[in-house]
Structure formats: structure tokens, C-alpha cells
Amino acid sequence: MLAQLQVLVVEDEPELAAVVAAYLRKEGFAVDVAGTGPEAVEMARNLLPDLVALDIMLPGFDGLEVCRRIRGFSDCYVIMLTARDDEIDKVIGLSVGADDYLVKPFSPRELTARIRAMLRRPRGLGDGPASQVRTFGHLRLDADARKAWLDESEVDLTRTEFDLLDALTAAPRRAFSRRQLIDAVWGADWYGDEHIVDVHVGHLRKKLEDDAGSPTYIRTVRGIGYGMVT
Ligand code: CA
Numbered sequence: 186m187l188a189q190l191q192v193l194v195v196e197d198e199p200e201l202a203a204v205v206a207a208y209l210r211k212e213g214f215a216v217d218v219a220g221t222g223p224e225a226v227e228m229a230r231n232l233l234p235d236l237v238a239l240d241i242m243l244p245g246f247d248g249l250e251v252c253r254r255i256r257g258f259s260d261c262y263v264i265m266l267t268a269r270d271d272e273i274d275k276v277i278g279l280s281v282g283a284d285d286y287l288v289k290p291f292s293p294r295e296l297t298a299r300i301r302a303m304l305r306r307p308r309g310l311g312d313g314p315a316s317q318v319r320t321f322g323h324l325r326l327d328a329d330a331r332k333a334w335l336d337e338s339e340v341d342l343t344r345t346e347f348d349l350l351d352a353l354t355a356a357p358r359r360a361f362s363r364r365q366l367i368d369a370v371w372g373a374d375w376y377g378d379e380h381i382v383d384v385h386v387g388h389l390r391k392k393l394e395d396d397a398g399s400p401t402y403i404r405t406v407r408g409i410g411y412g413m414v415t
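The opening residue of the sequence shown carries number 186 in my numbering; numbering runs sequentially from there.
As C-alpha cells, then:
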């Protein structure tokens, strides 16, 4: 039997939390619910969930702060649940390390579809015995181990950042459109603002100490999207 995937739902409206939790349980997930910022961090630390569905406006401290703190000890998937357009701007503009977002009101079915798409992403399954180490100047990436290094120091990437870098470096001469990167990383059934790609590329560049104006690793393909510098 497959291990049950663990989801932590963080939502301070008890009715919404109960509806979402019940739906996810029916879909086969193990679900826990937290109602405040501090409780969410505490539970994430103890339960180590595979995914956190995270409301923004919470008692204690907000979901952005929860995400930041969870990133201190976990690379689990984080999907932010946002109520307003200006909150989306905040989520995609701040480097809190969220992987995706969903705008309220959403149906539990929508959330489940989004969660399934994320958890379907391949996780270092490897294509065979050959090791998949790719080198670009000082940057080295091991696709099987899901690790990246700049020279000898490991770069601390979120899952989404790694998946993006994996997609780009797997076909280094290709110019990817944002949509193609979304298909590769978030899944073909993802919909939303495609500029989420720009945000994660921005974070990646910062971590790789890459200068967008004169990049060493990730180049902007004007009017298209992104590719590797080759
Ligand atoms: Ca709330």
C-alpha cells in the first residue's frame, strides 16, 4: 500500500477548514488542520507534511510569515490560499518560498486538482544507472539526487526552484516559453498568472548569484521566456 500523503490545512475559518479537510480526506489524504500562524509552524515542524495549504490572513502571524518559517526546516510544497488580488501580488512578489497559489473562493475540487498536480511531479526517479550530473561553469546539478552546487557549496533550493532548474538544464539549448516551463514544473492542468515563472526564476537567479542583465546561467529570451546560457 502506498504511504498516505500528509496535508496540513492552515485556515482560521473553521467552516472552510472543515469542508476542505473533509474533501481531502475523502480523496485519500491524511489531513491535519491548524487555525493560527504559530500553530501552523508548530504542526508543520512536528508532522512534516508533504504539502501545506496555507491561508494568508491568520491570527498570530500571517501565512507569509508561516511560509518563511516553514522554509527554515522543510522543503515541502506550499500552496498559498489568497483572498484578494493585492494578496496575490504580495505572494508572488515576496520571496517567501511558496510553490503555488490559489485564489479564494475556490472549490475543494480545484484545490485537490492543484495538490494532485504538485504531488505528481517526478521526484528524482532517475532514468537509469547513468548518473545525471550536469555542469554549467561553476554550477553543478545532480538531477537524481536533486541537489545543486556552486563550486563546492550546495545551493539551498526549494522544490519548485529545483524543478525549474532541472527543466532548463535538461534541455540547455532550448528556449522555453513560460507556458512550457509551467507544463514541465507545475503540470499541464495548472492555470493562473504565468508570471509566477518570473518570480521563481528571480529567486533562482538570486541563489545562483546570477545577474539578469548579464547572466552566467539563466538567460531571458525576450518575448518568449527563459533558457540556459550556453
Ligand atoms: Ca483567514
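Every residue, glycine too, gets a C-beta built ideally from N, C-alpha and C.
Enumerate, from N- to C-terminal direction, the unbroken alpha helix (DSSP H) stretches of 4 or more residues contained entirely within the stretch 315-382.
Listed in chain order, the complete alpha helix (DSSP H) runs (minimum 4 residues) inside the stretch 315-382 are 344-355, 363-370.
Verify whether the separation of the beta carbon atoms of A416 and A328 is less than 9 Å.
Nothing can be reported for residue 416, as the shown portion of the chain is limited to 186 through 415.
List, from N- to C-terminal side, the alpha helix (DSSP H) runs of 4 residues or more that fit wholly inside the stretch 232-286.
Here the runs fully enclosed are 248-255, 270-278.
For ligand 1, is there a heavy atom less than 8 Å away from the beta-carbon of L243?
Here residue 243 corresponds to residue number 58 of the sequence shown, with the count starting at 1. Checking the Cβ of L243 against ligand 1 gives yes.
Using DSSP's beta-bridge definition, name the partner residues of Q191.
Locating residue 191 in the sequence shown gives position 6, where the first residue counts as 1. BP columns for Q191 point to A215.
Going by other Cβ atoms of all chains shown within 10 Å of its Cβ, with 16 needed for buried, is F258 buried or exposed?
Looking up residue 258 in the sequence shown gives position 73. Exposed.
Would R407 be called buried (16 or more neighbouring beta carbons within 10 Å of its own) or exposed?
Sequence index remark: in the sequence shown, residue 407 carries index 222 (1-based). Counting Cβ neighbours within 10 Å, R407 comes out exposed, since fewer than 16 surround it.
Starting from R294, follow the alpha helix (DSSP H) in both directions and report where the run begins and ends.
Taking the first residue of the sequence shown as 1, we reach residue 294 at position 109. Element bounds for R294: 293-304.
Measuring straight from C-alpha to C-alpha, what distance separates L353 and R253?
Counting from one through the sequence shown, the residue named residue 353 turns up at place 168. Counting from one through the sequence shown, the residue named residue 253 turns up at place 68. If you take the alpha carbons of L353 and R253, they lie about 26 Å apart.
Taking C-alpha atoms, which residue in L232, L209, R344, A219 lies nearest to D247?
Numbered from its first residue, the sequence shown carries residue 247 at position 62. The shortest Cα separation from D247 among L232, L209, R344, A219 belongs to A219.
Does DSSP put R404 in a helix, a strand or coil?
The residue you call residue 404 lines up with position 219 of the sequence shown. Reduced to three states, the DSSP call for R404 is strand.
When burial is assigned at 16 or more other CB atoms within 10 Å of the CB, is P290 buried or exposed?
Here residue 290 refers to the residue found at position 105 of the sequence shown. Looking at its Cβ environment, which holds fewer than 16 other Cβ atoms inside 10 Å, P290 is exposed.
Could you have a look at G387 and say whether DSSP puts it in helix, strand or coil?
Here residue 387 corresponds to residue number 202 of the sequence shown, with the count starting at 1. Three-state DSSP puts G387 in a helix.
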